[in-house]
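Before any comments, here is the structure.
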Amino acid sequence: MENDHRVLHYEAVLDSPLEDDKLRKFIISYRLGDDTISVHEPPQRNTGIIGGRFLERSHSTLERPQFYRPADFYIGATIEVFRQRFVIHLAGLYA
């Protein structure tokens, strides 16, 4: 498959009522070859939040038994992972 090693990257923020959470940024990576996603929080200076891996590469369900697909990821989309809602606000090119 030509897309086996291609990864789509999105920047997202938490959809949270807490002001501190609204400042947190996350990178959502979607792998086209196996439809898995991972979520990572890059470290940010002077926030007191260390950052790191939020979700290891895995299939994340939209609604059982359906998994997220590339069409679910777009600017303004809300993605839910482990009861945390992420709003995508920036999309990058695949790598």
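For the sequence shown, position 36 matches number 971 in the numbering used here, and the numbering has no gaps at all.
For each residue, glycine too, the CB sits at the ideal point set by N, CA and C.
In the structure shown, A1012 adopts coil according to DSSP, grouped into three states.
As summarised for the segment 953 to 984, the continuous alpha helix (DSSP H) elements at least 4 residues long and confined to that stretch are 954 to 957, given in chain order. For V942 against Y965, the beta-carbon gap comes to about 7 angstroms, under 8 angstroms, which counts as contact. Judged by DSSP secondary structure, F1021 falls within the beta strand (DSSP E) whose first and last residues are 1019 to 1026. Rounded to whole angstroms, the gap between the alpha carbons of Y1003 and R980 is 32 angstroms.
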